[in-house]
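Numbering (my numbering), first residue to last: 876 to 1471.
Structure representation (structure tokens):
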């Protein structure tokens, strides 16, 4: 019995969700295998990215951790701030539920830059789920979920030091300190700092190639682990201070801020987080557990883009109670619980005040059937009451079927509903000196309605042997239909000549995103692996001027990754080589002759 409880507690170290057993199983397989893994026994279409794969990306933060993963598209959101933006199924990150150890992390005020606030050396693994995801984690996700697991104090080494420098004067330092306080308590201190000090203009356009930047990021974690009592707990304290400056080479903020001498921008973000997680496995019922998560954070951003000023402060509280058990036997599992979210926004665009308070309380139930052979499904639903969105139901379904050996077929469907933070999510548009013009005023969020979408998915994968080498091939197709959406319109000609504007209004018509991905992966030789993917996107929206493709979205993309590693020699020494190729087809640009 003690051994069973210990195993289940290890699962709780990863996540407090109905996927914990599947995730734990995947970790066991992966640690001896590839850095990217999709288990044929997990119901949802989930990819596990481990630390082995993260080494390939040479990443400095979470935003740069997806370069070798075909499931995620990584682009620069704009040329001025150098901010990397991720997309899944052709939709930008606001339509994803991005969590840190299953606690929502990148949302609201942090949507534009939040992915760069998690250093790469802190990351233990990443789980990427395509489609609507689980109701356990909330109602907001539409295109998928990304969950980041941080390095656990109980598994960390006593001391870690990592330094990085580049030719464009970027410097980075990471240090980890680990202390075993007692048999049951372990503490870890993570310290990260980065800076870019040199003004570079390789293309001679008069603007900085990359922003000048400074960041200090500190995380202190405490972990309690008691296998005899069936208890595991985490307590986290975190502080981050990030500063960015971009614009023309001659811009000096001390002299030129608020003037038209030189164009420039500064973004200063300060953030503080406190979170806790407690998990308990019932001693006489190792299949039954309860988890309690709480998180509080403040996010304060002060920024200006030329003459446009944008300030936002968000104070948030999140609480989630989860109970996992079985019905009759372990083939029938369920998860149920309650969660509460509170967000206070103090938001100012120039002199306009858009402050508000959002809060919601919800209950969920999720049933899982798994015959431990060739079939499983997860059916879940939740009911939420939101002070602005009202009371609504969120249903979601995932089905897995193995029709024959080494093949897996998955189907999913689900609904998502979210509040569009129109200014925080579209900050790059401030740099274009456009005016934000909100056409609808009857809604409860900036005068607009909430966004609602249905997501449907189908995927298939087959593993096989070719010329004596392991290989696999597959495809997935996902369709996202918006019934309500906030349209960001750069196409429509301004009503007043020679004005520059971006229109924001409720969708009147159709908006959809179709995504097709075809994969082929093969072991070319011992220690030499090839990973390829082709992706096709059809993303269209009805604007005031008519139906058009989403701007800056390539219809065709191709990805290839070639990885080679030498034999492990004495003391674990090994060379690893990695080559990644990304090709993007043509991207539609909005016609800006009348709206530059």
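Every residue gets a Cβ at the ideal spot worked out from N, C-alpha and C, and that includes glycine. Just so we're clear, the structure is a prediction, and the values are computed from it rather than from any experiment.
Secondary structure at residue 1131: helix, using DSSP grouped into helix, strand and coil. In the DSSP annotation of this structure, the continuous segment of the beta strand (DSSP E) that includes residue 1148 starts and ends at 1139-1156. Between the alpha carbons of residue 1056 and residue 1198 lies a distance of about 30 Å. Non-local beta-carbon contacts of residue 1328 in its own chain, meaning distances under 6 Å to residues more than five positions away in sequence, involve 1017, 1291, 1355, 1357 in chain order. Of 1396, 1058, 1429, 1262, the smallest CA-CA separation from residue 1219 is found for 1262. Counting only runs that start and end inside the stretch 1318-1360, the beta strand (DSSP E) elements of at least 3 residues fall at 1326-1341, 1344-1359. Secondary structure of residue 941 (DSSP, three-state): coil.
Here the alpha carbon of residue 964 sits roughly 18 Å from the alpha carbon of residue 1295. In the structure shown, residue 970 falls within a helical segment according to DSSP collapsed to helix, strand and coil.
The straight-line gap separating the alpha-carbon atoms of residue 1360 and residue 1416 is approximately 10 Å.
Note that the C-beta distance between residue 1122 and residue 1138 is below 8 Å.
Nearest neighbour of residue 1134 by Cα position, chosen from 1183, 1098, 1086, turns out to be 1183. DSSP assignment within the stretch 1186-1245 yields the following whole beta strand (DSSP E) runs of 3 residues or more, N-terminal first: 1204-1224, 1231-1245.
Cβ neighbours of residue 1397 within its own chain (closer than 7 Å, five residues either side excluded): 1341, 1344, 1346, 1405. With contacts defined by Cβ atoms closer than 8 Å, residue 1427 and residue 1462 form a contacting pair. The beta carbon of residue 1244 is closer than 7 Å to those of 1206, 1207, 1251, 1252 in its chain, skipping five residues each way along the sequence. By the Cβ neighbour-count rule, residue 1386 is buried, with 16 or more other Cβ atoms within 10 Å of its own. Straight-line spacing of the CA atoms in residue 1002 and residue 1020 works out to 8 Å.
Taking each of 1175, 1326, 1394, 1363 in turn and checking the Cα distance to residue 1310, the smallest one comes out for 1363. In the structure shown, residue 1363 adopts extended strand secondary structure according to DSSP, grouped into three states. Distance from the CA of residue 1000 to the CA of residue 1259, rounded to the nearest whole angstrom, comes to 30 Å. If you draw a straight line from the Cα of residue 984 to the Cα of residue 1299, it comes to about 6 Å. One thing to note: residue 1028 has its Cβ within 8 Å of the Cβ of residue 1062. About 7 Å separates the CB atoms of residue 1392 and residue 945; that is less than 8 Å, so the two are in contact. About 6 Å separates the Cβ atoms of residue 1308 and residue 1375, confirming a contact at the 8 Å cut-off. C-alpha of residue 1442 to C-alpha of residue 1107: approximately 38 Å in a straight line. Looking from the CA of residue 1067, the closest CA among 936, 1157, 1143 belongs to 936. For residue 1255, the uninterrupted beta strand (DSSP E) segment begins and ends at 1250-1261. Taking 3 residues as the minimum length, the beta strand (DSSP E) runs contained wholly in the stretch 1073-1109 are 1087-1101, in order along the chain. In this structure the stretch 1268-1287 does not touch the stretch 1217-1235; the number of beta carbon pairs closer than 8 Å is below three.
Taking the Cα positions, residue 990 is about 20 Å away from residue 1305. The stretch 1407-1442 is shown to contain whole beta strand (DSSP E) runs of 3 or more residues at 1421-1424, 1431-1440, in chain order. The alpha carbon of residue 1451 has as its nearest neighbour, out of 1413, 1434, 1402, the alpha carbon of 1402. In the three-state reduction of the DSSP assignment, residue 979 falls in the strand class, which pools E and B.
Rounded to the nearest angstrom, the Cβ distance from residue 1124 to residue 1076 is 6 Å, consistent with a contact under 8 Å.
Pairing residue 951 with residue 959 gives a Cβ-Cβ distance under 8 Å.
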